[in-house]
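A.B. asks: Residue numbers (UniProt numbering), protein chains in the order written: chain A, 1 to 342; chain B, 1 to 342. This is the structure I have questions about; it appears just below.
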DNA sequence: TTGTAAGCGTTATCAG
DNA sequence: CTGATAACGCTTACAA
């Protein structure tokens with residue numbers, strides 16, 4: 001049995017409650033006893049039992065992280081380590097710990113969330129992925145449990161605190177970059193249609209074309225079920241079109257890497273024959289060959305701000321629901337070139 | 001205040017302890033009351049308070065994960081999501097939850113570990129990276145706290161339960177594959193010299209050459225400080241050698257991707273002019289261009305077994321320390337070719 | 001088979 | 001400023 005607050009109290013010849021006050025750094029306590037108690041704590045190597053504390057204080061100083069289903073390929077995306085880093089940094093500053101949850105299926109994840117919420121293991125929750133028809137969101141809203149989502153929630157977006165990029169602008173900016181380089185035939189490659197990112201980015205792409213007076217073509221819009229097999233064919237078909245695109249906007253670096261591979265197999269040179277711009281700017285973008293011009297969406301900040309907002313939500317109960325937008329910027333590399341034919 | 005065991009007891013007209021027994025699925029309890037209690041629980045939407053339970057039972061059903069320092073580039077390696085997936089799967093089967101820890105510095109991480117261990121937030125710990133002179137290991141050993149490490153611990157390897165690949169063989173097999181393809185001039189590209197993986201894999205490389213009667217050359221051994229800047233030059237120098245290697249073994253797919261990039265800039269074709277084989281076989285290997293022949297080290301299993309061993313360690317106190325070796329196998333893709341010059 | 005009651009290690013509410 | 005003492009919600013002997 002470990003050393004408890006009582007042991008410390010005994011050694012310091014004070015009451016347990018006094019020790020507790022010293023730990024909490026309570027104002028009304030004489031410097032003398034404070035030192036005495038601290039000395040006793042050091043001497044015994046005291047460390048508070050957090051379960052007991054949580055039980056008594058009804059707070060855990062812990063936040064729950066809900067990852068996407070681990071079976072999902074998205075899970076492999078380097079997006080997550082980075083966002084985690086941001087979350088952790090802010091959590092650490094505010095002395096919060098992290099409790100994690102994944103699962104093979106959505107039901108499994110929901111069960112885990114219920115368990116950590118009702119089990120009082122966490123004070124709030126960060127959702128790292130929002131999907132259409134999300135049971136977890138539904139559950140948390142119903143219980144009025146503090147949570148924030150990273151990305152835009154598919155439903156009730158204005159009742160839910162979330163941190164996101166302005167994905168419409170992200171993609172509009174990306175597309176405009178291509179347009180400025182002289183491209184008119186620009187195709188869009190996105191992921192699953194019921195991801196909000198995809199939806200927003202698609203609309204940004206469409207806006208940019210519209211603004212530039214370039215007609216939209218259905219054949220220029222592809223939704224691969226995220227990398228792998230399917231993508232290959234889709235890209236091949238795209239390149240087989242007689243008015244083959246001269247440029248591609250891709251919603252994700254990881255996906256762009258796959259596209260790059262397919263293009264290579266088809267013997268199409270990037271950026272000489274076709275330009276590619278993608279989004280997120282993960283480490284991969286730099287390593288790809290050619291290195292990818294990508295829209296940096298400041299993933300770290302996404303995590304940091306989410307963490308920060310959650311803590312605010314937890315600590316000041318009346319906190320209004322917020323929508324926090326993280327900035328983005330173009331990072332030019334080698335995958336785009338000017339179109340100078342005619 | 002949420003619904004407690006007492007509320008259930010009252011509704012079911014039994015004692016709180018009876019409810020507790022039903023939850024624990026205690027044997028000595030009549031089917032009648034069991035049903036009665038279960039009904040009451042359902043009716044009230046009862047969910048146990050895990051902090052209270054942990055406090056009373058001195059067990060948390062939670063394991064702590066210690067990630068590498070988040071500043072570290074290693075953190076970005078797709079290795080982690082996969083290993084996490086494995087850990088989670090087994091944890092889930094055994095009804096364990098996951099508590100996570102990262103930090104910017106080693107001290108920060110150690111502090112977080114101390115906090116979760118002494119704070120009794122976890123029953124055991126999995127270390128996802130072992131470094132030389134690891135304070136965390138030192139701490140855990142001293143306290144005799146259950147933990148397992150993924151990878152080989154730098155010190156006390158035979159007193160520490162760990163799950164690892166046979167990295168010497170992994171790299172020996174990789175190198176032999178190249179030798180079978182007719183290569184004699186094979187260079188080694190590894191990461192930080194004080195990572196056990198690097199050390200083991202280097203020695204596997206050396207063994208393979210020795211066995212084949214191929215002389216070792218110092219100029220053929222490179223330790224990039226993991227991708228980025230440094231690596232570029234190192235590879236360039238390597239390729240500037242007059243007896244330039246015809247093949248490369250690389251310790252990590254991510255790193256290999258960087259090498260591929262550099263090679264491309266130098267205008268050297270893979271696999272025509274040089275063959276590359278790497279290790280780990282993460283999703284990336286498939287996506288690279290050319291796709292990478294890689295040694296699959298079954299990362300998922302690494303995580304799964306670590307999780308399993310930790311739980312054994314926690315649940316049966318007398319458990320002997322174990323060393324678990326996960327198998328590996330060659331996955332051939334497009335980055336290696338037969339050497340047929342003369 | 002079930003109930004009673006004593007912890008588990010804190011915090012929090014009163015008094016003093 | 002400090003000390004009792006009652007929660008917090010559950011488990012677990014020990015009785016019955």
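Glycine included, every Cβ here is placed at the ideal spot set by N, Cα and C.
Which stretch, first to last residue, makes up the alpha helix (DSSP H) that contains residue 137/B?
C.D. replies: Looking at the DSSP string, the run of the alpha helix (DSSP H) that includes residue 137/B is 135 to 143.
A.B. asks: Across the region 298 to 314 of chain A and the region 87 to 95 of chain A, are there enough close Cβ pairs to call them in contact, namely three or more that are closer than 8 Å?
C.D. replies: Enough Cβ pairs lie closer than 8 Å, so yes.
A.B. asks: What do you reckon, are the CB atoms on residue 141/A and residue 64/A nearer than 8 Å?
C.D. replies: The answer is no: Cβ separation not under 8 Å.
A.B. asks: With a threshold of 16 other CB atoms inside 10 Å of the CB of residue 318/B, please say whether the residue is buried or exposed.
C.D. replies: Counting Cβ neighbours within 10 Å, residue 318/B comes out exposed, since fewer than 16 surround it.
A.B. asks: Below 6 Å CB to CB, which residues in the same chain sit around residue 172/A once its five sequence neighbours on both sides are set aside?
C.D. replies: Excluding sequence neighbours, residue 172/A sits near 204, 207 and 208.
A.B. asks: Below 8 Å, can you find three or more Cβ-Cβ pairs linking the region 181 to 192 of chain B to the region 155 to 170 of chain B?
C.D. replies: Short answer: they don't touch.
A.B. asks: For the pair the region 114 to 130 of chain A and the region 47 to 61 of chain B, tell me if three or more CB-CB distances fall below 8 Å.
C.D. replies: Yes, since at least three Cβ pairs between the region 114 to 130 of chain A and the region 47 to 61 of chain B fall closer than 8 Å, the two stretches touch.
A.B. asks: Taking 8 Å as the cut-off, does the region 31 to 39 of chain B touch the region 64 to 73 of chain B (at least 3 CB pairs, one atom from each stretch)?
C.D. replies: Touching, no.
A.B. asks: Tell me which residues of the region 65 to 78 of chain B have at least one Cβ-Cβ distance to chain A shorter than 7 Å, keeping chain order.
C.D. replies: So the close ones are 70, 75, 76 and 78.
A.B. asks: Report all residues from its chain with a CB closer than 7 Å to the CB of residue 296/A; omit the five preceding and five following residues, and keep chain order.
C.D. replies: Cβ within range, chain order: 281, 328, 329 and 331.
A.B. asks: What three-state label does DSSP hand residue 5/B in the structure shown?
C.D. replies: Helix at residue 5/B.
A.B. asks: Under three-state DSSP, which class holds residue 358/B?
C.D. replies: Nothing about residue 358/B can be reported from this structure: the residues present for chain B run from 1 to 342 only.
A.B. asks: Provide the residue(s) that pair with residue 275/A in DSSP beta bridges, ordered along the chain.
C.D. replies: According to DSSP, which records beta bridges pairwise, residue 275/A is partnered with 247/A.
A.B. asks: Counting only Cβ-Cβ distances shorter than 9 Å, please list the residues of the region 280 to 308 of chain A near chain B, keeping chain order.
C.D. replies: Within the region 280 to 308 of chain A, the residues whose Cβ lies closer than 9 Å to some Cβ of chain B are 282, 283, 284, 286, 287, 288, 289, 290 and 291, listed in chain order.
A.B. asks: How about residue 108/B: is its C-beta nearer than 8 Å to some C-beta of chain A?
C.D. replies: By this cut-off, residue 108/B is an interface position.
A.B. asks: CB residue 146/B to CB residue 124/B, shorter than 8 Å?
C.D. replies: Yes.
A.B. asks: Using 8 Å as the Cβ pair cut-off and three pairs as the minimum, do the region 73 to 82 of chain A and the region 78 to 90 of chain B touch?
C.D. replies: Judged by Cβ distances under 8 Å, the region 73 to 82 of chain A makes contact with the region 78 to 90 of chain B, as three or more pairs qualify.
A.B. asks: Alpha carbon to alpha carbon, what distance is there between residue 11/A and residue 193/B?
C.D. replies: C-alpha separation (whole angstroms): 48 Å.
A.B. asks: At what residues does the beta strand (DSSP E) containing residue 294/B begin and finish?
C.D. replies: Residues 293 to 296.
A.B. asks: How long is the line joining the alpha carbons of residue 338/A and residue 181/A, rounded to whole angstroms?
C.D. replies: Straight-line Cα distance between these residues: approximately 5 Å.
A.B. asks: For chain B, find out if any of its Cβ atoms is closer than 8 Å to the Cβ of residue 97/A; answer yes or no.
C.D. replies: Answer yes: the Cβ-Cβ gap between residue 97/A and chain B drops below 8 Å somewhere.
A.B. asks: Shorter than 8 Å from the beta carbon of residue 342/B to some beta carbon of chain A?
C.D. replies: Unreliable positioning characterises residue 342/B in this predicted model, as indicated by a pLDDT of 42, which lies under 50. A coordinate reading is not provided.
A.B. asks: Give me the residue from 9/A, 61/A and 62/A with the minimum Cα distance to residue 41/A.
C.D. replies: When each option's Cα is compared against that of residue 41/A, the closest is 9/A.
A.B. asks: I want to verify the contact list: residues of chain B whose CB lies under 9 Å from the CB of residue 352/A, in sequence order.
C.D. replies: The structure shown does not extend to residue 352/A, since chain A spans only 1 to 342, so no value can be given for it.
A.B. asks: Whole angstroms is fine: what's the gap from residue 220/A's alpha carbon to residue 271/A's?
C.D. replies: In a straight line, the C-alpha of residue 220/A is about 18 Å away from that of residue 271/A.
A.B. asks: In terms of residues, what are the limits of the alpha helix (DSSP H) holding residue 255/A?
C.D. replies: Taken as a continuous stretch (DSSP letters only), the alpha helix (DSSP H) holding residue 255/A covers 253 to 265.
A.B. asks: Please classify residue 320/B: is it buried, with 16 or more other beta-carbons within 10 angstroms of its beta-carbon, or exposed?
C.D. replies: By the 10 Å Cβ count, residue 320/B comes out exposed.
A.B. asks: Can you list the residues of chain B that residue 258/A reaches, using a CB-CB cut of under 8 Å?
C.D. replies: Result: 287.
A.B. asks: With DSSP run on the structure shown, which of helix, strand or coil describes residue 29/B?
C.D. replies: Residue 29/B falls in the coil class under three-state DSSP.
A.B. asks: Which word fits residue 340/B, buried or exposed, when buried means at least 16 other C-beta atoms lie within 10 angstroms of its C-beta?
C.D. replies: With fewer than 16 other Cβ atoms within 10 Å, it is exposed.
A.B. asks: Return no unless some Cβ of chain A is closer than 8 Å to the Cβ of residue 264/B.
C.D. replies: Interface residue, yes.
A.B. asks: Looking only at C-alpha atoms, which of 238/B, 214/B, 256/B and 175/B sits nearest to residue 222/B?
C.D. replies: Checked all of 238/B, 214/B, 256/B and 175/B; the closest Cα to residue 222/B is 238/B.
A.B. asks: The UniProt domain "HTH lacI-type" (3 to 57) of chain B: which residues have C-beta closer than 7 Å to a C-beta of chain A, in chain order?
C.D. replies: Per Cβ criterion, the list reads 47, 48, 49, 50, 51, 52, 54 and 55.
A.B. asks: In its own chain, which residues sit with a C-beta less than 6 Å from the C-beta of residue 303/A, not counting the 5 before and 5 after it?
C.D. replies: The residues are 83, 86 and 87.
A.B. asks: Look at the Cβ atom of residue 170/B, then the Cβ atom of residue 201/B, and state whether they are nearer than 8 Å.
C.D. replies: Yes, Cβ-Cβ distance for residue 170/B and residue 201/B is below 8 Å.
A.B. asks: Would you verify that the beta carbon of residue 188/A is, or is not, closer than 8 Å to some beta carbon of chain B?
C.D. replies: Cβ-Cβ to chain B under 8 Å: no for residue 188/A.
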